[in-house]
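A.B. asks:
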Amino acid sequence: MDFYNNPQNDKITALNDDINQVVDVMMDNMDKVLARGDRIDTLQEKSSTLADQAQQFQQRSTQLKRNLCMKNLKLTLLIVGAVLVVIAIIVLIIVIKTRK
1 MDFYNNPQND KITALNDDIN QVVDVMMDNM DKVLARGDRI DTLQEKSSTL
51 ADQAQQFQQR STQLKRNLCM KNLKLTLLIV GAVLVVIAII VLIIVIKTRK
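The sequence shown begins at 1 in full-length UniProt numbering and counts up one residue at a time.
(1) From the DSSP output, in three-state form, read off residue 100 for me.
(2) Measuring only the C-alpha atoms, how far is residue 58 from residue 68?
(3) At the level of alpha carbons, what is the spacing between residue 85 and residue 70?
See the structure below:
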């Protein structure tokens, strides 16, 4: 009975309770730190993937731009060539009519 009535034991019990609470808080903090580390790793992987995709997009868009410029150049040259042929035909017709 002396053990339970001893005020020193109440202090020890209170300290043990405080220690247990601190241990619980620290365990929760450790779990949160580990979860945050996992989220950071996931975020890093996603950002790396996004950077790779951005680089691929830039390369493909540059290639597409070149292809469209070449297509536009071909069309322009075709139109200029057709206009020159029409002008040449008109000039030939005029030259032939003036010789007669």
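Glycine included, each C-beta is placed from N, C-alpha and C at the ideal position. From a predicted model like this one, the values you see are computed outputs, not experimental measurements.
C.D. replies: Based on what the coordinates show:
(1) Residue 100 falls in the coil class under three-state DSSP.
(2) When the Cα atoms are used, residue 58 and residue 68 turn out to be separated by approximately 15 Å.
(3) When rounded, the distance between both Cα atoms is 22 Å.
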